[in-house]
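Working notes, beginning with the structure itself.
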């Protein structure tokens, strides 16, 4: 079964501390992994995807196929990073493009 | 604003009533997706359209739900005989599928959602 698991509902850190939001997935084929972010009173938006291998707003995520993980990391958290973060996957072999989301993790960066 | 728009933003209804939501995708996006998000959960796929054709429906979409995308532009999602369990945020997303390749770089752009409360 296809599944995305984000084990932490809430992650609270102080400004300047490192951040790691965990994401594990279960998928039998070859997935494409994403991180979406939703800031307060804003719509869901794409933060980054594994195929791009880029850093967005200081965040990076590496796909670890052995551990089936796609953790989101940032070395120094900023207050403006406070938001809800969703990990999501979609099939690279299916033509539907539908996304399967995890339950989400609220990141709270304290001053 | 050229993003995905949804109307209404909030809907409160009584159990048993019918409701209809509208989604206007980004112009020229050929794919349109509907998701449902309940409290404390991530969005869950409901159905999607390629132009005017509805190509897949989730098992979450009972026969009380119907979606259309006439002329391949805006889409409507109707829920008949609403139940309290239908209370959720209904999200719409659009994507320029196939323009840059089958799956690569085909980002889904989400609307603000319609929050449904069934009393």
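Protein chains in written order, with the working numbering: chain C, 1 to 111; chain V, 1001 to 1119.
For glycine and all other residues, C-beta sits at the position ideal for the given N, C-alpha and C.
Predicted, not measured: the structure shown is a model, and the values here were computed from it.
Query	Result
Any Cβ of chain C within less than 7 angstroms of the Cβ of residue 1052 of chain V?	no
Quick one, which residues of the segment 50–81 of chain C are near chain V if we go by CB-CB under 8 angstroms, in chain order?	51
Quick one, which of V/1022, V/1042, V/1109 has its alpha-carbon nearest residue 3 of chain C's?	V/1042
Check the Cβ of residue 1042 of chain V against every Cβ in chain C and list those closer than 7 angstroms, keeping chain order.	86, 101, 102, 103, 104
Hey, is residue 43 of chain C's beta-carbon within less than 7 angstroms of any beta-carbon in chain V?	yes
Return the first residue and the last residue of the beta strand (DSSP E) that residue 1056 of chain V is part of.	1053–1057
Is DSSP giving residue 1070 of chain V helix, strand or coil here?	helix
Could you check the C-alpha separation between residue 1110 of chain V and residue 101 of chain C for me, to the nearest Å?	14 angstroms
On the CB-based measure, 16 or more other CB atoms within 10 Å of its CB, does residue 138 of chain C come out buried or exposed?	No answer is possible for residue 138 of chain C: it lies beyond the span of chain C, which begins at 1 and ends at 111.
Pick helix, strand or coil for residue 1084 of chain V, following the three-state DSSP scheme.	helix
Tell me whether the beta-carbon of residue 72 of chain C lies closer than 7 angstroms to the beta-carbon of residue 35 of chain C.	yes
Quick check on residue 39 of chain C: buried or exposed, where buried means 16 or more other Cβ atoms within 10 Å of its Cβ?	exposed
Please report whether the beta-carbon of residue 46 of chain C lies at a distance below 7 angstroms from any beta-carbon of chain V.	yes
Would you call the CB atoms of residue 1056 of chain V and residue 1072 of chain V closer than 7 angstroms?	no
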